[in-house]
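Trainee: Numbering (my numbering), first residue to last: 248 to 558. Just so you know, even glycine gets a beta-carbon here, dropped at the ideal spot from N, CA and C.
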Amino acid sequence: MSSPFPLMFHPTLIVDDLEEAAAWFRKVFGRTEVRWEDKWDLSLLNPDYPVNYSYFFVIGDVSLDVLAPSLLILPGEREAVYPKGQGLADIAWYADDIEALARRLEQHGFRTRDQEGNVIRDGKVPESSLVADCPMIWSLPEDTGLTYEYYHLAERHRPKYSRLADPRLAPGWKPGVVDPADPLGVIRCSHHTVLTEQPERAVRLFEVLGGDAGPRRHDALLDADVMPVRYAGSVIEFATPRDAPILDVLTGAPSHTDQYLGMTFEVVDLDAVETHLSSHGVGLRRAGGELVTDPRTSFGARWGFVSRKDS
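1. Who are the Cβ neighbours of A417 in its own chain at under 8 Å, not counting the five residues just before and after it?
2. Could you give the distance in angstroms between the alpha-carbon of I338 and the alpha-carbon of G392?
3. Please name the residue, chosen from S376, R351 and Q354, that lies closest to Q362 on a Cα-to-Cα basis.
4. Can you give the beta carbon distance from P488 to D470, rounded, assuming they're within the 8 Å contact cut?
5. Considering W513, what are the terminal residues of the beta strand (DSSP E) in which it resides?
6. Terminal residues of the continuous alpha helix (DSSP H) containing L265?
7. Touching or not, the segment 297–316 and the segment 427–436, by the rule of three or more beta carbon pairs under 8 Å?
8. Where do the N-terminal and C-terminal ends of the beta strand (DSSP E) with A339 fall, by residue?
9. Give the C-beta separation of Y341 and P253 to the nearest angstrom, bearing in mind that I take them to be a contact with Cβ-Cβ under 8 Å.
10. Could you give the uninterrupted runs of the alpha helix (DSSP H) lying entirely in the segment 423–494, keeping only those of 4 residues or more?
11. When you compare only the Cα positions, how much space is there between D472 and A486?
12. Are the CB atoms of L348 and Y397 nearer to each other than 8 Å?
13. Kindly indicate the opening and closing residues of the beta strand (DSSP E) around I258.
14. Skipping 5 residues on each side, what residues in its chain have a beta carbon closer than 7 Å to that of G535?
15. Hey, would you say G332 sits closer than 8 Å to I261, going by beta carbons?
16. Would you say P258 and L311 are within 8 Å of each other, going by their C-beta atoms?
17. Can you tell me whether Q354 is buried or exposed, with buried defined as 16 or more other CB within 10 angstroms of its CB?
18. May I have the straight-line CA-CA distance separating A479 from L456, to the nearest angstrom?
19. Quick check on K286: buried or exposed, where buried means 16 or more other Cβ atoms within 10 Å of its Cβ?
20. V520 and S545: beta carbons closer than 8 Å?
21. So what does T359 bridge to, in DSSP terms?
22. Is T391 helix, strand or coil by DSSP?
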């Protein structure tokens, strides 16, 4: 069987209160949380590993991981490496050979770490605390701007995982199918937006991974120059503001590191989305055919919506 990887695994949204966030996604986005027992055979996992410190929410072709760091204590009372605050923290990718990937990134000057923050050398990736056959690593933001996770989901776990947590892994899955009951009418993800002072660094990283950059454009809402990068079926737009400083999405403080601002979805009816979100008290801006939320009213993330694009 051919591998579906590489593929985006999930964006990670950090929240203070997981149940509050789950209630918001149910009410505002019309999405029900996917709990750990819904995506894993728990008997296969390390019995000491915590569960339900995060929930998945499937939004079109994106599986969003909403995670409360306060609930994640690794075996041995070790703390996981996550920042404080609420907002989008990283992007995770499925990969097939984590050890080879770690070596390749290191050879090109991009270091990686394990779950506890230890830098990996020569591709020597330790076993995951979750389950031995699902190794995972993270890039260092000092080298890659944003933190990126690389993760291998072993084949024996995929049948259950594909039922609810990531339908893209299921045989026969088709992109762009709209759920008639979806209050947002999501078709697919258009792109993810990362603020950066160094777009060339991002391009170099994704070229090492096998991605490619598209033509630059100007984003009117952000007043930023944008460099789109396509990798593994997803588009990330690296935006460099022309005048405004980059602010940390979690703390609001000025920052020189890349910031994961949000993601934008193609929808069936932009007016209907605006009406629905407004009715739930979500702050909105609309310009140039794009509708975006005020992160202060949407768990620190900027959710964008555009009308269906021509295929």
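Mentor: Quick look at the numbers:
1. Translated into the one-based positions of the sequence shown, residue 417 becomes position 170. Counting only Cβ-Cβ distances below 8 Å, and skipping sequence neighbours, we find S409 and R410.
2. Residue numbering aside, residue 338 sits at position 91 when the sequence shown is read from its first letter. Residue numbering aside, residue 392 sits at position 145 when the sequence shown is read from its first letter. Those two C-alpha atoms are separated by around 12 Å.
3. Indexing the sequence shown from 1 puts residue 362 at position 115. Checking every option, the nearest Cα to that of Q362 belongs to S376.
4. As a first step, residue 488 is located in the sequence shown; it is residue number 241 there, counting from the start. As a first step, residue 470 is located in the sequence shown; it is residue number 223 there, counting from the start. That belief holds up - the Cβ atoms of P488 and D470 are roughly 6 Å apart, short of 8 Å.
5. To locate residue 513, count along the sequence shown from 1; it is residue 266. The residue you asked about is not Trp; residue 513 is Glu in the sequence shown. Here the beta strand (DSSP E) through E513 covers Q506 to V514.
6. Start at 1 with the first residue of the sequence shown, and residue 265 comes out as number 18. From DSSP, the alpha helix (DSSP H) with L265 extends over L265 to W271.
7. In short, these stretches touch, since the Cβ pair count reaches three.
8. Here the question's residue 339 lines up with position 92 in the sequence shown. Segment G334 to Y341, the beta strand (DSSP E) holding A339.
9. Counted from its first residue, the sequence shown places residue 341 at position 94. Counted from its first residue, the sequence shown places residue 253 at position 6. Rounded, the Cβ-Cβ distance is 6 Å, consistent with contact.
10. 446–456
11. Your numbering for residue 472 matches position 225 in the sequence shown. Your numbering for residue 486 matches position 239 in the sequence shown. If I take the Cα positions, the gap works out to 6 Å.
12. As a working mapping, residue 348 is identified with position 101 in the sequence shown. As a working mapping, residue 397 is identified with position 150 in the sequence shown. Contact: yes.
13. Residue 258 sits at position 11 when you count from the first residue of the sequence shown. Note on identity: in this sequence residue 258 is Pro, with Ile being the wrong assignment. Taken as a continuous stretch (DSSP letters only), the beta strand (DSSP E) holding P258 covers L254 to I261.
14. Here residue 535 refers to the residue found at position 288 when the sequence shown is read from its first residue. A467 and L468, listed in sequence order.
15. Taking the first residue of the sequence shown as position 1, residue 332 is located at position 85. Taking the first residue of the sequence shown as position 1, residue 261 is located at position 14. Contact annotation: G332 and I261 have beta-carbon atoms nearer than 8 Å.
16. Taking the sequence shown and counting its residues from 1, the one referred to as residue 258 is at position 11. Taking the sequence shown and counting its residues from 1, the one referred to as residue 311 is at position 64. Against a cut-off of 8 Å, the Cβ pair of L311 and P258 comes out as a contact.
17. To locate residue 354, count along the sequence shown from 1; it is residue 107. Exposed, since its Cβ has fewer than 16 Cβ neighbours within 10 Å.
18. The sequence position of residue 479 within the sequence shown is 232, counting from 1. The sequence position of residue 456 within the sequence shown is 209, counting from 1. Each residue's Cα considered, the two are about 9 Å apart.
19. Along the sequence shown, one-based indexing puts residue 286 at 39. Answer is buried; the Cβ neighbour count reaches 16.
20. Against the sequence shown, residue 520 aligns to sequence position 273. Against the sequence shown, residue 545 aligns to sequence position 298. Going by C-beta atoms, V520 is not nearer than 8 Å to S545.
21. Counting from 1 along the sequence shown, the entry for residue 359 is found at position 112. According to DSSP, which records beta bridges pairwise, T359 is partnered with S386.
22. Here residue 391 refers to the residue found at position 144 when the sequence shown is read from its first residue. T391 falls in the helix class under three-state DSSP.
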